[in-house]
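Here the protein sequences come in this chain order: P and L.
Residue 171 in the numbering used here sits at position 47 of the first sequence, and the numbers go up by one each step.
Residue 120 in the numbering used here sits at position 81 of the second sequence, and the numbers go up by one each step.
Virtual Cβ for every residue (Gly too), placed ideally from N, Cα, C.
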Amino acid sequence: MESVIQVNQLSKTFKGVQTVSNVNMNIRKGEIYGFLGPNGAGKTTIMKMILNLIKPSSGKITVLNQQVKSESYQYLKNIGSIIEYPVFYDRLTAKKNLEMHCAYNGINDYQFVKEALEIAGLGGVGNKKIHEFSLGMKQRLGIARTIVTKPEILILDEPINGLDPIGIKDVRELLLSLKEKYGMTILISSHIVSEIESIADTIGIINHGKLLKEVKMDEIRRETGEYLEIYVDDLEQAKRVMEQKLGIKQYETEGNQLIRIFEPVMTHSQINKAFIMNGVEISGMEMKVQHLEEYFLNLIKKEDQYA
Amino acid sequence: MLKLMGLEWSKNHLSSYFKIILICIVGIFGATVLMGWGSRTEGEFMFVNYADYMALTNILIRIVFMIFAAVILSRLVIDEYRSNTIQLLFTYPLQRKKIMFSKLAIVFGFCFFSIILATAVISGLAYFLNPMIEFFNQPIQVSDIISTIPSVLLSAFMISGISLIPLFFGMRKKSTATTITSSVLVGFAINATVSDGGGQTSLFQFVGIPVVFCVIGLLIGYATFNNVNKKDLV
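So this is what it looks like as structure tokens:
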């Protein structure tokens, strides 16, 4: 699939502190790319560098086959964005804010403004001034503003912050429909893993300014899913049984009692029987499901251990 | 560029400032007329002629509209940084230098034209009302007014340049209060008069000083829009 945003060896240093370190990303046309990471991981800095609001210390960013240089600006007409929290001109109405946005983007036809407000669930409040809006309404208006010019790419930094559960569901459905209907490419960051999990095609996990993993959701679903957790009295003997008698290769151990088996081929009774016959006592056995959240936390934990 | 200036104009409702300009003009005229009229009733004319009258009026016009320019500067530039809307503005497919230049051009133009307007309106009012109220002694000739046009244009230009100096202070703290306070200080420093009892003088009367300040203001404006591509918006 064609690449829309490419980031190569991107680094940023602020006052001697490296906040983004050799990041490589590849966002393909028409996909939703979920950017996951704890607060302060460097997500916003990378997004700002893509938008040319922050200049990289080194590395290269390419958007729609154009390299972003310090004076580049024309490529921005293809991008709708919310960074950190949406800001507006408080003295203007919601509708006027969107019209201004269109005008600054060189669009003089404001027909889509009304529709964008309706899509964002703000159909009835277009003539209200921004200072009368709640945080959730501002988030919705921010989303309306990003789509009002029908850009090819959306860059959304934590767009569900401040939204109620209905609002979160609406945004999720809206993003999926924008992808389906207009073929928009969406880069969305969040620290709420479950939200990303339900919509993203590709996930980029970032911590301490380093991209730990860039992986397709399909692969994560294969890697996560169900696994068997067994507590045994003799871990070494159990490992020998698994490898030599049962031929299990995909497993991990924790402490001196816990084994996690990721291979779905064995039944509980087969494993149970093999362990008992080889002198391994089982004190507990349970089927578990690993979600993206655990996958994410495990990755972050491992990185923190080696950092 | 003109389209950008138009967008800035309507976004900030700058037309509504014309009402305030008119109030300022009426205020300055009213205050100076009262001074002249009041002194006359006490038997001593405060202003002898039109030139004398305009010497004080011009000082007030310069100070008032320098502060006014700082208010516009705060609204157009400082507020954008303070409320972070500059981040939104810089994600538009527009040259950032042009965006900044259009903002500074509005401030410069606003200051320039409001000084010209105030001088013209007050001169006109003085021409028509002095024969009735007589707040200075000698009658005004049209030629008196026409002869001041070059110096009015020049001083309006210089004050407009000087009005960009508060940008330097305001941008450091992204503060409206700092911007306006610095404009008050610069305005008074340049225009305030000192007297030894016989004659009186102000820094603005030494041609070199307003010229140097104007150049400094223009350089600050240039540096602001020239740096706009290099600085990170954190």
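Legend entry - Reduced DSSP category for residue 337/P - H, G, I as helix; E, B as strand; rest coil: strand
Inset, instruction - Keeping to the same chain, check which residues put their C-beta closer than 6 Å to that of residue 222/L; ignore five residues upstream and five downstream. - result: 105, 106, 109 and 205
Legend entry - Contact check, residue 164/P vs residue 132/L, beta carbons under 8 Å: no
Inset, instruction - Look at residue 294/P and residue 247/P and say whether their C-beta atoms are less than 8 Å apart. - result: no
Inset, instruction - Using a Cβ cut-off of 7 Å, pull out every chain L residue sitting near residue 234/P, in sequence order please. - result: Within chain L, no residue comes near residue 234/P; the closest Cβ sits about 14 Å away, beyond 7 Å.
Inset, instruction - Within 10 angstroms of the Cβ of residue 167/P, are there 16 or more other Cβ atoms? Answer buried if so, exposed if not. - result: buried
Legend entry - Nearest candidate by alpha-carbon position, reference residue 391/P, set 404/P, 352/P, 357/P and 340/P: 352/P
Legend entry - Environment of residue 171/L [buried if 16+ CB atoms lie within 10 Å]: exposed
Legend entry - Interface residues of chain P facing residue 132/L [CB-CB closer than 8 Å]: 197, 198, 199, 200, 201, 229 and 230
Inset, instruction - Go ahead and label residue 289/P buried or exposed: buried means 16 or more other beta carbons lie within 10 angstroms of its beta carbon, across all protein chains shown. - result: exposed
Legend entry - Same chain, Cβ closer than 6 Å to residue 307/P, five either side skipped, listed in chain order: 154
Legend entry - Check whether residue 381/P and residue 419/P have beta carbons under 8 Å apart: no
Inset, instruction - Figure out for me which residue from 343/P, 174/P, 407/P and 135/P has the closest Cα to the Cα of residue 203/P. - result: 174/P
Inset, instruction - Answer yes or no: do residue 124/L and residue 213/P have a C-beta to C-beta separation smaller than 8 Å? - result: yes
Legend entry - Limits of the beta strand (DSSP E) - the one that residue 201/L falls within: Taken as a continuous stretch (DSSP letters only), residue 201/L belongs to no beta strand (DSSP E), being part of the alpha helix (DSSP H) at 188 to 201.
Inset, instruction - Grab me the residues of residue 150/L's own chain with a C-beta within less than 6 Å of its C-beta, minus the 5 sequence neighbours each way, in chain order. - result: 104, 108, 199 and 202
Inset, instruction - Rounded to whole angstroms, what's the CA-CA distance from residue 302/P to residue 257/P? Just pull it up for me. - result: 25 Å
Inset, instruction - Report the neighbours of residue 240/L on chain P: residues whose CB is nearer than 7 Å to its CB, in chain order. - result: None at all; the shortest Cβ gap to chain P is about 44 Å.
Legend entry - Within-8 Å CB hit, residue 113/L to chain P: no
Inset, instruction - Taking 8 Å as the cut-off, decide whether the C-beta atoms of residue 197/P and residue 135/L are in contact. - result: yes
Inset, instruction - Would you list, in chain order, the members of the segment 125 to 149 of chain P that have their beta-carbon closer than 8 Å to a beta-carbon of chain L? - result: 138
Legend entry - Enclosing alpha helix (DSSP H) for residue 264/L [first to last residue]: 247 to 265
Legend entry - Among 254/L, 74/L, 122/L and 218/L, nearest to residue 215/P - alpha-carbon criterion: 122/L
Legend entry - residue 79/L: first and last residue of the uninterrupted alpha helix (DSSP H) it sits in: 56 to 80
Legend entry - chain L within 8 Å of residue 224/P, Cβ atoms only: yes
Legend entry - Within-8 Å CB hit, residue 244/L to chain P: no
Legend entry - Proximity test, Cβ basis, 8 Å: residue 375/P and chain L: no
Inset, instruction - Taking residue 274/P as the reference, give the member of 219/P, 235/P, 399/P and 404/P with the closest Cα. - result: 235/P
Inset, instruction - Taking only the alpha-carbon atoms, compute the straight-line gap between residue 128/L and residue 171/P and give it to the nearest angstrom. - result: 16 Å
Inset, instruction - Given a cut-off of 8 Å, decide if residue 424/P and residue 285/P are closer than it, judged by their beta-carbon atoms. - result: no
Legend entry - Proximity winner among 385/P, 364/P, 401/P and 218/P, relative to residue 374/P (alpha-carbon distances): 385/P
Legend entry - Beta-carbon gap between residue 323/P and residue 156/P smaller than 8 Å: yes
Inset, instruction - Could you pull out every unbroken beta strand (DSSP E) segment of at least 3 residues lying fully inside the segment 292 to 358 of chain P, listed in chain order? - result: 309 to 314, 326 to 331, 334 to 340 and 349 to 356
Inset, instruction - Could you give the DSSP three-state label for residue 384/P: helix, strand or coil? - result: strand
Inset, instruction - State buried or exposed for residue 328/P, treating a residue as buried only when at least 16 other CB atoms are found within 10 Å of its CB. - result: buried
Legend entry - Per-residue burial, residue 273/L [other beta carbons within 10 Å of its own, 16 or more giving buried]: exposed
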